[in-house]
Amino acid sequence: MSPELIQKLVTSYFSSLQMMDVTGWAENFTEDAIIYDPVGNPPSKARENAQAFFGLLSMAFEKLELSQDDVFIAGNGAAVKWKLRALGKSGKQGIAEGISVFEMHESGKIQQVSSYWDDAAMMAQIKG
49 MSPELIQKLV TSYFSSLQMM DVTGWAENFT EDAIIYDPVG NPPSKARENA QAFFGLLSMA
109 FEKLELSQDD VFIAGNGAAV KWKLRALGKS GKQGIAEGIS VFEMHESGKI QQVSSYWDDA
169 AMMAQIKG
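Right, dumping it as structure tokens:
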């Protein structure tokens, strides 16, 4: 897979997440793609659980801003250092940083995402 296609998939993943576009986000994945978000939590099937995942996001967050600070592409994968700025439904703001590792499938879709970050710290920041 070309580095350009990998970059396009990574950008689409983050932009659709930021816009809370469940359909656009799910289309980035293979049918059997797995997400570890964050690593340490049980794996989630990206397409199958997309509606539930975005339902949880929309219950907690009013607005998400995601930046891709550094993107490293190698082979059929990428590692992305990112920053999340969020406005919670409580009106409180939170900031988190993390690294997501993407494994791409030869079909041109994302096969797996493993995200390393402290989601509990983010939720504590925005808690009402």
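Per our numbering, the sequence shown starts with residue 49, numbered consecutively.
Cβ coordinates follow ideal geometry from the N, Cα and C atoms, glycine included.
Close-in-space but distant-in-sequence residues of the same chain around residue i (CB under 7 Å, 5 per side omitted)
{"i": "M152", "result": "M49, I54, L57, N124, G125, I158 and Q159"}
{"i": "L114", "result": "F62, L65, Q66, W130 and L132"}
Inter-residue CB distance, residue i and residue j (contact presumed, cutoff 8 Å)
{"i": "K137", "j": "F109", "result": "7 Å"}
{"i": "M170", "j": "A144", "result": "4 Å"}
Given residue i as reference, the closest of the options once Cα atoms are compared
{"i": "V128", "options": "A100, I147, P91 and I174", "result": "I147"}
{"i": "I83", "options": "N97, G139 and E75", "result": "N97"}
{"i": "Q116", "options": "M68, A168 and V149", "result": "V149"}
{"i": "W165", "options": "N89, A81, T59 and V119", "result": "N89"}
Contact under 7 Å by Cβ, residue i with residue j
{"i": "V87", "j": "S162", "result": "yes"}
{"i": "A94", "j": "F77", "result": "yes"}
Residue i: first and last residue of the uninterrupted beta strand (DSSP E) it sits in
{"i": "A134", "result": "G125 to G136"}
{"i": "Y70", "result": "In the sequence as displayed, the identity of residue 70 is Val instead of Tyr. First-last for V70: V70 to A74, but that is the alpha helix (DSSP H), not the beta strand (DSSP E)."}
Own chain residues within Cβ distance below 6 Å of residue i, not counting five before or after
{"i": "Q173", "result": "G142"}
Residues of its chain near residue i, where Cβ-Cβ distance is below 8 Å and the 5 sequence neighbours each way are ignored
{"i": "K175", "result": "G136, S138 and K140"}
Residue range of the alpha helix (DSSP H) that includes residue i
{"i": "M171", "result": "D167 to I174"}
{"i": "M107", "result": "A98 to A108"}
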